[in-house]
Amino acid sequence: MKTEQELLRVLKNRFGFDNFRPGQERTIKTLLTGEDVLTVLPTGAGKSLLYQLPAYLLTGTVIIVSPLISLMQDQVDRLRRQGEKRVIMLNGQLVGHERATVLRNLQSFKFVFTSPEMLDNKNVLAAFSQVDVAMLVVDEAHCISQWGPDFRPEYLLLKNVRQQLGNPTTLMLTATATPQIRQDIQTKMGIKKAQQVVKSVDRPNIFLTVQKEYQQQEKDEELLRLVQKFKGPGIVYFASRKIASQMAEWLTQHTDLNVAAYHAGIAPIERFQIQRQFMENELQVICATSAFGMGVDKNDVRFVIHYHLPHNLESYLQEIGRAGRDGKQSLAVLLYADGDEMIQRQLTSIDVPSVELLKQIEEHNIPSTILGEQAELFNFYLTHHSSPEQIVNTFKHRQYQMEHELQEMLGYINNEGCRREYLLAY
Ligand code: ADP
Ligand code: MG
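Under the working numbering, the sequence shown has 230 at position 147, and the numbering climbs by one with no breaks.
As structure tokens, then:
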């Protein structure tokens, strides 16, 4: 058992910090006893330290699973700046012989950053199985839950990965997770009981407001007024890609600000450019879908406006949490017009396929693209041996869940009391 003094000494010597922040010490102490931990701390609270510090007190390699290359790169850069050389990224960007070299030398690294799909590879997993794993870290752990806003089916592979690695001590990190999602994260990881460290997501410098308008057009005018008044940097969230693009153009015409759209329909290279320009203040306003945000770490976002309803309160918290990370006064406005929930229902409605249809697709090799948006998810489940019945149940549950979440969102909008209390209670 490490004493508090020892931990503080490493904190000072390695990282240059004098004190732990809320949640850090408990997470680290628990990990060092070998228990699994799920830690929920707001963005910017210092989650990276939770695996970086123990790494220096344990023997072996720390494996960090991350959903985005940009997030990995950011962590790797920071570790190298701290003088750590034993750090590497293992992802789809490496060509064959580079990957082989890394795999041969895995044990020589203290930190290995990788993606879930990379670990799904037999050879890769075999190489990792030879390594003395100090700890398995799942960053953005909410991605494993279908009830979360950023569900990544590839994350479901991690349960098996963990098993194959001999169930190493596991640290799951996320900025927002309801009790339901927290439970789901553990279940999907195949962990019976992890210790949970959860700290409040309250951000008193963000002023929260809901503005009810009667018609869509009034919403446009109100958006224009807000954007002109507060200028940016700011993010406006939309539920539709098309409307995000249209409004970006409209705002460009009607203001002297630089505005761009960002959504999954835009080419990755261009998206990357837009993100960079926003970071560097060449763009003041981004009109985005929920695709924008993860991995965007800009301190001085002054407003987050929702033009449409967010998917649920969970996403809402996450999205408005991108405002005011520097602690300065910031604004979160939700614009609501009567009937907005209908738009939301239309956009998110899933056609739950019938068991019959799924069986036919499977048996007769019919291209699963006839399932539209669900095709990718379906293929994923199929390749990982789910039955058509299981798949249909998953889709049905998802549909039920989305309606429930929409009702919660409307509860927030129509709540007469303090909005902050409502969100925190949630
Ligand atoms: P998160 O992953 O929770 O968003 P990070 O791990 O990126 O947060 O850390 C955010 C910032 O906080 C970093 O600049 C980090 O160096 C700093 N930080 C972390 N722990 C401490 C601490 N105990 N004292 C002071 N600064 C800290
Ligand atoms: Mg982080």
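Glycine included, every Cβ here is placed at the ideal spot set by N, Cα and C.
Computed from a prediction, not measured in an experiment: that's the story for all the values here.
For the candidate residues S131, T116 and S398, whose alpha-carbon lies nearest to that of L141?
Within the sequence shown, numbered from 1, the residue matching residue 141 stands at position 58. Nearest option by C-alpha distance: T116.
Tell me whether K130, by its Cβ, gets closer than 7 Å to a heavy atom of the ligand ADP.
In the sequence shown, counting from the first residue as 1, residue 130 sits at position 47. Yes, since a heavy atom of the ligand ADP falls inside the 7 Å radius drawn around the Cβ of K130.
Establish whether the CB of S228 and some CB of chain C are separated by less than 8 Å.
The displayed structure is made up of one protein chain only, and chain C is not part of it.
If you draw a straight line from the C-alpha of V293 to the C-alpha of I496, how long is it?
To locate residue 293, count along the sequence shown from 1; it is residue 210. To locate residue 496, count along the sequence shown from 1; it is residue 413. Taking the straight line from one Cα to the other gives about 7 Å.
Cβ of I474 within 8 Å of Cβ of Y464?
Here the question's residue 474 lines up with position 391 in the sequence shown. Here the question's residue 464 lines up with position 381 in the sequence shown. Yes, the Cβ-Cβ distance between I474 and Y464 is below 8 Å.
Among residues of its own chain, excluding the 5 on either side of K381, which ones have a beta-carbon nearer than 8 Å to its beta-carbon?
Position 298 of the sequence shown, counted from the start, is the residue given in the question as residue 381. These residues qualify, in order along the chain: P316, F361, M362, R405 and R408.
What did DSSP end up calling F386 once you bin it into helix, strand or coil?
Position 303 of the sequence shown holds residue 386. In the structure shown, F386 sits in a strand (DSSP, three-state: E or B).
Flag R164 as yes when its Cβ comes closer than 7 Å to any non-hydrogen atom of the ligand ADP, and as no otherwise.
Locating residue 164 in the sequence shown gives position 81, where the first residue counts as 1. A distance criterion of 7 Å places the beta-carbon of R164 beyond contact range of the ligand ADP, judged by its closest non-hydrogen atom.
Three Cβ pairs or more, each shorter than 8 Å: is that satisfied between the region 297-310 and the region 412-424?
yes
Got a sec: does the ligand ADP put a non-hydrogen atom nearer than 7 Å to the Cβ of L124?
One-based indexing of the sequence shown puts residue 124 at position 41. Within the cutoff, so yes.
Would you tell me roughly how many angstroms separate the C-alpha atoms of K392 and E424, rounded to the nearest one?
Counting from 1 along the sequence shown, the entry for residue 392 is found at position 309. Counting from 1 along the sequence shown, the entry for residue 424 is found at position 341. The question names Lys, but residue 392 is Leu in the sequence shown. Those two C-alpha atoms are separated by around 7 Å.
What would DSSP say about F516, mapped onto helix, strand or coil?
Residue 516 lies beyond the range of the chain shown here (84 to 509); nothing can be said about it.
Measuring only from the beta carbon, is G455 closer than 7 Å to any heavy atom that is part of the ligand ADP?
Taking the sequence shown and counting its residues from 1, the one referred to as residue 455 is at position 372. No.
Look up C370 in the DSSP assignment and say whether it is helix, strand or coil.
Counting from one through the sequence shown, the residue named residue 370 turns up at place 287. Reduced to three states, the DSSP call for C370 is strand.
Mind reading off the beta-carbon distance from I369 to I318? Whole number of angstroms is fine, and I expect it under 8 Å.
One-based indexing of the sequence shown puts residue 369 at position 286. One-based indexing of the sequence shown puts residue 318 at position 235. I369 to I318, Cβ: 5 Å. Contact.
I'd like the list of long-range same chain contacts for L273, defined as Cβ closer than 7 Å, with 5 residues on each side in sequence excluded.
Sequence index remark: in the sequence shown, residue 273 carries index 190 (1-based). Looking at the sequence shown, residue 273 is not Leu but Gly. The residues are K242, R245 and Q246.
Which residues bound the alpha helix (DSSP H) around I111?
Counting from one through the sequence shown, the residue named residue 111 turns up at place 28. That run of the alpha helix (DSSP H) goes Q107 to L115.
Does the ligand MG have a heavy atom nearer than 7 Å to the CB of D233?
Position 150 of the sequence shown, counting from 1, holds the residue named residue 233. Flag unset: Cβ of D233 not near the ligand MG.
Going by other Cβ atoms of all chains shown within 10 Å of its Cβ, with 16 needed for buried, is P351 buried or exposed?
Translated into the one-based positions of the sequence shown, residue 351 becomes position 268. Label assigned to P351: exposed.
What are the start and end residues of the alpha helix (DSSP H) that includes E296?
The residue given as residue 296 occupies position 213 in the sequence shown. E296 -> not in any alpha helix (DSSP H); beta strand (DSSP E) instead, spanning I289 to E296.
Quick one: complete alpha helix (DSSP H) runs, 4+ long, within the region 85-166?
87-93, 107-115, 132-138 and 152-164
If I measure Cβ to Cβ from M485 and keep anything under 7 Å in the same chain, skipping five residues before and after, which residues do I get?
Counting from one through the sequence shown, the residue named residue 485 turns up at place 402. Answer for M485: T431, listed in chain order.
Where does A347 land, buried or exposed, given buried means 16+ other C-beta within 10 angstroms?
Within the sequence shown, the letter at position 264 stands for residue 347. Answer is exposed; the Cβ neighbour count stays below 16.
Would you check if there are 3 or more beta carbon pairs closer than 8 Å linking the region 100-111 to the region 189-207?
Inter-segment contact for the region 100-111 and the region 189-207 is absent: fewer than three beta-carbon pairs are separated by less than 8 Å.
Only counting the same chain, and skipping five residues up and downstream in sequence, which positions put a Cβ closer than 6 Å to that of D215?
Numbered from its first residue, the sequence shown carries residue 215 at position 132. The residues are G143.
Is V178 helix, strand or coil when you go by DSSP?
The count along the sequence shown starts at 1 and reaches residue 178 at position 95. In the structure shown, V178 adopts coil according to DSSP, grouped into three states.
Is R324 near the ligand FAD, going by C-beta to nearest heavy atom under 7 Å?
The model depicted lacks the ligand FAD and carries the ligand ADP and the ligand MG instead.
Exposed or buried, what is E488 when buried is set at 16 or more other beta-carbons lying within 10 Å of its beta-carbon?
Here residue 488 corresponds to residue number 405 of the sequence shown, with the count starting at 1. Buried, since its Cβ has 16 or more Cβ neighbours within 10 Å.
Taking Cβ to Cβ, would you say P262 is nearer than 8 Å to Y238?
One-based indexing of the sequence shown puts residue 262 at position 179. One-based indexing of the sequence shown puts residue 238 at position 155. The answer is no: Cβ separation not under 8 Å.
Please report the residue range of the alpha helix (DSSP H) in which T466 lies.
Here residue 466 refers to the residue found at position 383 of the sequence shown. Where T466 is concerned, the enclosing alpha helix (DSSP H) stretches over A458 to T466.
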